[in-house]
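Read top to bottom, the protein sequences are chains A and B.
Going by the numbering used here, the first sequence opens with residue 1, and the numbers climb by one from there.
Going by the numbering used here, the second sequence opens with residue 1, and the numbers climb by one from there.
We put the CB at the ideal spot given by N, CA and C, even for glycine.
See below for the structure under consideration.
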Amino acid sequence: MEEQNNSGAANPEAQPPAAQPAPAAPVPVPAAAKPGTALWLKIIAGLYALSLVAAFFVINKADAARKAKPGDMDLSKLTSLGAAKKDAVAVIPLYGAISQGASSRSWERGSQQIAKRIKTLAAKKEVKAIVLDINSPGGTVGAVQEIYSAILKAKAETKKPFIARFGEVSASGGYYVAAACDQIMSHPGTITGSIGVIFSVGNFEGLMKKVGYRSEVIKSGKFKDIGSPSREMTAEEHKLLQAMIDDSYDQFVKAVSDGRKMPVDQVKVLADGRIYTGRQAKELKLVDSLGDLQDAIDKAGELGGLGKNPRVLTDSDPFENFLSLLDTKLSFFGSKSVTETLEIAPSLEYRWYGR
Amino acid sequence: MNPFTALETIIQRPELLAAGERPAGLGRAGLLGYFAGTLGLFVFLRMFSAVPPGIMSFSVVLTLVLALNYFAASSVHLFMDFTGAKGSAARLFLAFGCTDYFLALLVPAAFFAKLQFLSAFLWFTICFLVMVYARVRLVRRLYPVSVNKALLSLCLPYAGLGAVCFTVFVYSIAWMVWLII
Numbered sequence: 001m002e003e004q005n006n007s008g009a010a011n012p013e014a015q016p017p018a019a020q021p022a023p024a025a026p027v028p029v030p031a032a033a034k035p036g037t038a039l040w041l042k043i044i045a046g047l048y049a050l051s052l053v054a055a056f057f058v059i060n061k062a063d064a065a066r067k068a069k070p071g072d073m074d075l076s077k078l079t080s081l082g083a084a085k086k087d088a089v090a091v092i093p094l095y096g097a098i099s100q101g102a103s104s105r106s107w108e109r110g111s112q113q114i115a116k117r118i119k120t121l122a123a124k125k126e127v128k129a130i131v132l133d134i135n136s137p138g139g140t141v142g143a144v145q146e147i148y149s150a151i152l153k154a155k156a157e158t159k160k161p162f163i164a165r166f167g168e169v170s171a172s173g174g175y176y177v178a179a180a181c182d183q184i185m186s187h188p189g190t191i192t193g194s195i196g197v198i199f200s201v202g203n204f205e206g207l208m209k210k211v212g213y214r215s216e217v218i219k220s221g222k223f224k225d226i227g228s229p230s231r232e233m234t235a236e237e238h239k240l241l242q243a244m245i246d247d248s249y250d251q252f253v254k255a256v257s258d259g260r261k262m263p264v265d266q267v268k269v270l271a272d273g274r275i276y277t278g279r280q281a282k283e284l285k286l287v288d289s290l291g292d293l294q295d296a297i298d299k300a301g302e303l304g305g306l307g308k309n310p311r312v313l314t315d316s317d318p319f320e321n322f323l324s325l326l327d328t329k330l331s332f333f334g335s336k337s338v339t340e341t342l343e344i345a346p347s348l349e350y351r352w353y354g355r
Numbered sequence: 001m002n003p004f005t006a007l008e009t010i011i012q013r014p015e016l017l018a019a020g021e022r023p024a025g026l027g028r029a030g031l032l033g034y035f036a037g038t039l040g041l042f043v044f045l046r047m048f049s050a051v052p053p054g055i056m057s058f059s060v061v062l063t064l065v066l067a068l069n070y071f072a073a074s075s076v077h078l079f080m081d082f083t084g085a086k087g088s089a090a091r092l093f094l095a096f097g098c099t100d101y102f103l104a105l106l107v108p109a110a111f112f113a114k115l116q117f118l119s120a121f122l123w124f125t126i127c128f129l130v131m132v133y134a135r136v137r138l139v140r141r142l143y144p145v146s147v148n149k150a151l152l153s154l155c156l157p158y159a160g161l162g163a164v165c166f167t168v169f170v171y172s173i174a175w176m177v178w179l180i181i
């Protein structure tokens, strides 16, 4: 329309008188819509709708056939094949000193995370037996008992066999945890035993006097600063701590007695804190058999009905490993671990300090 | 104006896209184009079990198509604006919707692919290229630019996304190496 107006305004002298419009003047007229286009568009739309209907029909048929497939086929052989391939023995590593984690981060290796892993893996259908790969000198009483309790609960709930496998060292708390398992396997030279409880506290009183440091303690009761490193321990405190240690010791002895099906008196004879080699421990019935990790996995496979050399399922989660790596890198190049070491407070421990 | 009439007008008189006033019915025709094209794409993918069934699944695909086209239209418009070509971004987005009608061809194409007449990938490529060709034509209607520049502007969003993905990938690898060492 603009072009029409412009062309009109460009040649005013060529305009004929108002009464007589020039019949010969070239006036660009918008191209009239071809009637065929609309028709073609409607035909295409109709074909599109038709093909959509046909496609939906085909898709529905295919979906229905796919849904009906499992019912029509005899999958018993396939299912058993799949199940045999899927079933596995889970291996849970328990390395280093056992302690409650400093946080609830799932990638940390605190006792609560290990207890959770035991529970999770035991609940998995495909896991038929669990191997605890222990290489630990023990740890704090509470942390050790948390793992011990998780094993007992998992065993009671799932009836799955637990095998403890000892590495280089599995003493004190490491043995406490193993006592909850159905079988214990160790190397002949593994250091084990050390059944007992320890509470140790340093005394920095002399050092503090030398450097001129004195701590003032205001307390609500006479035992409130029991185990303080800034003064000598009193006889009364010693007696009280000994009572605690005796009680924890009895718990340890009972755990070993229950787990190894040995009379308490017999355990007490062995439980004077001494360490044993794997072979000595086998002779004393503290260990069932001698062997390595593969032997332990084979044993677990047999007890779980999978035979020798079963499929192994490790509890490592790649995402958690990645987060753990990230956490280590971002913790200021290890300064965190230094802080954690300095923050260690005296506590009751099922631990062997020989390492 | 119903979308058919609007589409008919755009086919017969594409120069109206660049006119002072927006052609009547372009909005409806463009959005219907996105819907019809995405439905065609979705049915094509469903026939090869590449996407889950259901309205939600279709909605996700539609949202993705709209978002990608929105990004593409804005990038093309930005590029044109920087290089001195004037036009309307909203019209470009709706014009892209009109080219999406070609994706409806994927529905019969799926049947042909199922009948082993050319592979599904080839059918998809053909439809995609037809759509790109139509887009180049429409971009040239909306902005007074050459074919090469129109093609370049259409490739720009994909190139940008590719560059971002590549940078993220390379940086991730470097970061992983830093984590491990």
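- Looking at the DSSP output, Pro14/B sits in no beta bridge, so it has no partner there.
- Counted as a single uninterrupted DSSP element, the stretch harbouring Pro157/B is not any beta strand (DSSP E) but the alpha helix (DSSP H) occupying residues 147-180.
- Contact between Asp133/A and Ile92/A holds, since their C-beta atoms are separated by about 7 Å, short of 8 Å.
- According to DSSP, residue pairing for Gln183/A in a beta bridge involves Ile163/A.
- Three or more beta-carbon pairs separated by less than 8 Å link the segment 283-297 of chain A to the segment 260-271 of chain A, which places the two stretches in contact.
- Counting along the chain, no beta strand (DSSP E) covers Ser88/B, and no H or E run does either.
- For Pro93/A, the enclosing beta strand (DSSP E) covers residues 88-95.
- In this structure the segment 25-36 of chain B does not touch the segment 112-120 of chain B; the number of beta carbon pairs closer than 8 Å is below three.
- Contacts between Leu7/B and chain A, judged by CB atoms closer than 8 Å, involve Leu41 in chain order.
- Val177/A has its alpha-carbon roughly 12 Å from the corresponding atom of Thr140/A.
- In the three-state DSSP reduction, Lys67/A falls in the helix class (H, G or I).
- One finds Val43, Met47, Val107, Ala110 in chain B with Cβ atoms closer than 7 Å to the Cβ of Ala55/A, taken in chain order.
- When C-alpha distances from Leu41/A are compared across Ser119/B, Phe4/B, Cys165/B, Ser59/B, the shortest belongs to Phe4/B.
- Under the three-state reduction of DSSP, Ala24/B is assigned to coil, being neither helix nor strand.
- Look at Leu286/A: its C-beta is not under 9 Å from any C-beta on chain B.
- Residue range 127-136 is occupied by the beta strand (DSSP E) that includes Asn135/A, with no alpha helix (DSSP H) assigned at that position.
- Within a 10 Å sphere around the beta-carbon of Met80/B sit 16 or more other beta-carbons, which makes this residue buried.
- Taking Val53/A as reference, the option from Asn148/B, Gln116/B, Val132/B, Phe44/B with the minimal CA-CA separation is Phe44/B.
- Arg46/B carries a helical assignment under DSSP once its states are collapsed to helix, strand and coil.
- Scanning Tyr249/A, Ser248/A, Lys222/A for the CA closest to the CA of Glu237/A turns up Lys222/A.
- Beta-bridge annotation (DSSP): Leu121/A is not paired with any residue.
- Fewer than three Cβ pairs drawn from the segment 204-211 of chain A and the segment 245-258 of chain A lie within less than 8 Å of each other, which leaves the two stretches out of contact.
- Around the beta carbon of Asp247/A, fewer than 16 other beta carbons lie within 10 angstroms, which makes this residue exposed.
- Proximity of chain A to Ala104/B at the Cβ level (cut-off 7 Å) is accounted for by Tyr48, in chain order.
- Of all residues in the segment 112-133 of chain B, only Lys114 come within less than 9 Å of chain A when Cβ atoms are compared, listed by chain position.
- Sequence-distant partners of Leu106/B (beyond 5 residues in either direction) whose C-beta falls short of 8 Å from its own C-beta, in its chain, are Gly40, Leu41, Val43, Phe44, Trp123, Phe124, Cys127.
- As the crow flies, the alpha-carbon of Pro310/A is around 23 Å from that of Ala156/A.
- The count of Cβ pairs closer than 8 Å, one atom from the segment 193-202 of chain A and one from the segment 157-165 of chain A, stays below three, leaving the stretches out of contact.
- Per DSSP, Thr83/B lies in no alpha helix (DSSP H) segment and is marked neither H nor E.
- Residues of chain B with a Cβ closer than 8 Å to the Cβ of Thr37/A are, in chain order, Glu8, Ile11, Gln12.
- Taking the CA atoms as reference points, Ala85/B sits about 15 Å from Arg137/B.
- Residue range 141-158 is occupied by the alpha helix (DSSP H) that includes Gly142/A.
- Flagged as an interface residue toward chain A: Leu39/B, by a C-beta distance shorter than 9 Å.
- Annotation note: the segment 180-247 of chain A contains the following uninterrupted beta strand (DSSP E) runs of length 3 or greater, listed N- to C-terminal: 183-186, 191-193.
- Taking 8 Å as the Cβ-Cβ cut-off, the segment 154-183 of chain A has no residue approaching chain B.
- Tyr133/B: not part of any beta strand (DSSP E); member of the alpha helix (DSSP H) spanning 120-142, first to last residue.
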